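Asker:
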Amino acid sequence: MKNQANLLLGMAIGAGIMYLLDPDRGKRRRSLVRDQITHAGNEMGGVKADLNRAGRDLRNRTRGAVAEAKGRMRSEHVDDDVLEARVRAEIGHAVSDAGSVEVHADHGRVTLAGSLPADEVAGLVAATERVRGVREVNNRVNTGVEQGTRPDQG
Numbered sequence: 094m095k096n097q098a099n100l101l102l103g104m105a106i107g108a109g110i111m112y113l114l115d116p117d118r119g120k121r122r123r124s125l126v127r128d129q130i131t132h133a134g135n136e137m138g139g140v141k142a143d144l145n146r147a148g149r150d151l152r153n154r155t156r157g158a159v160a161e162a163k164g165r166m167r168s169e170h171v172d173d174d175v176l177e178a179r180v181r182a183e184i185g186h187a188v189s190d191a192g193s194v195e196v197h198a199d200h201g202r203v204t205l206a207g208s209l210p211a212d213e214v215a216g217l218v219a220a221t222e223r224v225r226g227v228r229e230v231n232n233r234v235n236t237g238v239e240q241g242t243r244p245d246q247g
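The sequence shown begins at 94 in the working numbering and counts up by one.
#1: Please state if the CB of Val196 and the CB of Glu177 are separated by a distance shorter than 8 Å.
#2: In whole angstroms, what separates the C-alpha of Met137 from that of Leu144?
#3: Within the continuous alpha helix (DSSP H) that includes Ala206, where are the two ends?
#4: Against chain D, with Cβ distances strictly below 8 Å, would Ala182 count as a contact?
#5: Does the pairing of the region 189-205 with the region 227-236 give three or more beta-carbon distances under 8 Å?
#6: Round the Cβ separation of Asn235 and Val218 to the nearest angstrom and send it over; I've been treating them as touching at under 8 Å.
#7: Which runs of the beta strand (DSSP E) at least 3 residues long sit entirely within the region 155-199? Give them in chain order.
#8: In three-state terms, what does DSSP make of Arg233?
#9: Helix or strand or just coil, what does DSSP make of Arg146?
#10: When the Cα atoms are used, what is the spatial distance from Leu125 to Ala147?
This is how it looks when you write it as structure tokens:
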């Protein structure tokens with residue numbers, strides 16, 4: 094049985110060598126094999142790059158989450174200008190027209206003014222309350238705006 098397996102293996106290797114060293118088509122066949130091996134190597138390199146990128150992303154997100162958790166545990170005084178900037182950055186994700194909202198901060202108390210559609214105000218207040226350093230939110234946003242229009246557009 095072992096001799097038969099060796100014989101078959103030898104025949105397969107011989108056929109492969111004949112296939113690649115054929116005087117008529119051997120050069121083309123060798124080029125195809127080389128191209129396939131190169132392609133496989135490039136594909137593996139792409140997978141490696143994707144894994145490296147995913148690892149960096151996970152590491153950075155973890156560091157950010159840890160920094161955020163540490164920041165929430167600390168009782169720190171936040172400058173009013175910094176707090177206003179933080180609130181503006183957060184509400185930009187919560188409402189359709191963040192430019193129509195005025196933000197004023199005074200020792201952790203944030204006042205929101207301007208005009209928004211009524212269905213966006215609750216999300217605006219919730220987003221503002223989540224900002225680190227906000228102790229109180231004073232909502233003075235006018236809700237008399239229709240969805241999709243701004244007061245300065247008439």
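C-beta: ideal position from N, C-alpha, C; glycine also. Fair warning: this is a prediction, and the values are worked out from it, not measured in the lab.
Answerer: Quick look at the numbers:
#1: As a position in the sequence shown, residue 177 is number 84, starting the count at 1. As a position in the sequence shown, residue 196 is number 103, starting the count at 1. For Glu177 and Val196, yes; Cβs fall inside 8 Å.
#2: Counted from its first residue, the sequence shown places residue 137 at position 44. Counted from its first residue, the sequence shown places residue 144 at position 51. Taking the straight line joining both Cα atoms gives about 11 Å.
#3: If you number the sequence shown from 1, residue 206 lands on position 113. Not the alpha helix (DSSP H): Ala206 falls in the beta strand (DSSP E), residues Arg202 to Pro210.
#4: No chain D appears in this structure, which consists of one protein chain only.
#5: yes
#6: What you label residue 235 is simply residue 142 of the sequence shown in a count that begins at 1. What you label residue 218 is simply residue 125 of the sequence shown in a count that begins at 1. 14 Å between Cβ atoms; not a contact.
#7: 194-199
#8: Position 140 of the sequence shown, counting from 1, holds the residue named residue 233. Arg233: strand per DSSP, three-state reduction.
#9: For the purposes of this step, residue 146 is identified with residue 53 of the sequence shown, where counting begins at 1. Residue state, collapsed to three classes: helix.
#10: Reading the sequence shown from its first residue, position 32 is the one you call residue 125. Reading the sequence shown from its first residue, position 54 is the one you call residue 147. Going from the Cα of Leu125 to the Cα of Ala147 covers about 33 Å.
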